Structures are given as C-alpha cells and as structure tokens.
Amino acid sequence: MTATLGALGSLLLVVLLGSVVPVVPTGAAVSGAAALAAHQHPVTVVLVVLAGAVGAYVGDLATFRLLGWGGGSMARRVPGLRADQRIDRVPVRVREARVSTLLVSRLIPGGRIPVLLAAAVAGLAWRRFAVANAPASLLWSVLYAAIGVLGRAVFPEPWESVVVAILLVVVISQALGWLNRRRAAREDPLATQ
C-alpha cells in the first residue's frame, strides 16, 4: 500500500510539474499509471484519475497565477502577435464555455498555455477560473486514464499496455496538433506564409 501511495504521489507531482512546465508528458504519465493500476488492482485506477486531476488542477492554478502576474508583458513581446488574432477570442470562449474550452486546451498540444495566458491577460477572475478548471482537469484525467485502461484490456503484460498507452497518447496528440494547424491555416491563410 505504501508503494501505491508513493506512486500516486509521484504521479501527482509529475502532472503538477507538467502543468507548470509544459514539456513534461502528463497525459502519457496518467495513461501509463492507469494501465499499471488496472493490471494490479482495478480500483486503483480511480486513485490514478484523482491524482492526475489534482496534479493538473493545482498546476493549472499555479500557471494561471504566474501568467496573470507577468502575462500582459509576455503577450506584448510575442513576435508576430497581432491584436486581431485568435488570442483575443479566447477569454470570451473561456467565459462562455469554460469547461469545454479548458478541456480542449489541455488536449491540443501546446494549447493550454495560450488559453491560460489569454484568460489571465483578459482578467478572468481567479474564482471563475478555479471553478471551471476543476471539471476540465477531472475530465482530462479520466480521458487519459481510459486510454491506459483500454491498453490494459488489449495487452496481457503491464509493460506492453504502458508502452501502447504512451504511444497512443503521442499519436493522438500529434494528430490533434496537425488538425489544429490545418484548421488554423484554413482560417488564416496569411499566418502560414
């Protein structure tokens, strides 16, 4: 049990760190942990989901706060950023469809930080962000844990399901990024030149 709690604590810290430093593969960590948990004891998957969600939530709160403090000056320094670009529409989307916007921003590679930056720069209230981000973080964790559990259902060995879960997360992330770039190119053909 101590090893399980240690692993869950490590997962929480990895996801928290990945929420603040976006190069850490948080989705793959949750998927891999869920795949291992499903092999050991299926009820532990719920704890993996909770650890992933708490790590994502606390990390997002910290990132939102940091971007709120220095985000305005950072946004003005982004090369090539025009005032009429999509970043101006993000705060409105966060206010109108908070949970879905925050969830989608977590699923698109490189999408979370610009959404958090736009929301912070536009002055989205801390309380409103905290309330909207809780279900978005939970749904994100459930989705990636489900990928890991599905990998476990297909492969009998724990290491195989972990590898497949991580590869699946990478493939899905790359596909979503590619689709996002194509959609952005269609919406603003001048941006790709």
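The sequence shown begins at 42 in the numbering used here and counts up by one. The C-beta atom is built at its ideal place from N, Cα and C for all residues, glycine as well. Remember, predicted model here, so these are calculated numbers, not experimental data.
Using CA atoms only, rank isn't needed, just tell me which of Asp101, Ile213, Val212 and Val65 is closest to Arg168. Nearest to Arg168 by alpha-carbon distance, out of Asp101, Ile213, Val212 and Val65, is Asp101.
Whole-angstrom C-beta distance between Ala177 and Leu144, which should lie under 8 Å: Yes, Leu144 and Ala177 are in contact; Cβ-Cβ is about 4 Å, under 8 Å.
Using DSSP with H/G/I as helix, E/B as strand and the rest coil, what is Val84? Under the three-state reduction of DSSP output, Val84 falls in the coil class, being neither helix nor strand.
Less than 6 Å between C-beta atoms, sequence neighbours within five positions excluded: which residues of the same chain meet that for Arg153? Ser146 and Arg147.
Between the Cα of Gly109 and those of Val87, Ala194, Ile188 and Leu158, spot the shortest distance and give me the residue it belongs to. Ranking Val87, Ala194, Ile188 and Leu158 by Cα distance to Gly109 puts Leu158 first.
Distance, Cα to Cα, Leu165 vs Val90? The C-alpha of Leu165 lies about 27 Å from the C-alpha of Val90.
Note down, in chain order, each residue of its chain lying with its Cβ closer than 6 Å to the Cβ of Ser92, except the 5 sequence neighbours on either side. The question names Ser, yet the displayed sequence has Ala at residue 92. Close CB contacts of Ala92 within its chain, under the 6 Å cut and outside five residues either way in sequence, are with Leu49, Leu52 and Leu53 (chain order).
Return yes when at least one heavy atom of the ligand ZN lies under 6 Å from the C-beta of Thr142, else no. For the structure depicted, the ligand ZN is absent and the ligand set is empty, with no information on it obtainable.
What residue range is occupied by the uninterrupted alpha helix (DSSP H) comprising Leu158? Where Leu158 is concerned, the enclosing alpha helix (DSSP H) stretches over Arg153 to Val162.
Nearest by alpha-carbon distance to Arg222: which of Ile149, Pro83 and Ala94 is it? Scanning Ile149, Pro83 and Ala94 for the CA closest to the CA of Arg222 turns up Ile149.
Who are the Cβ neighbours of Pro63 in its own chain at under 8 Å, not counting the five residues just before and after it? Closer than 8 Å at Cβ, skipping near neighbours: Gly151, Arg153 and Ile154.
Thinking Ala186 and Ala75 are a contact (beta carbons under 8 Å), I'd like their distance in whole angstroms, please. Ala186 to Ala75, Cβ: 4 Å. Contact.
Hey, Phe105 and Phe196: beta-carbon distance below 7 Å or not? Here Phe105 is not near Phe196, since their CB atoms are 7 Å or more apart.
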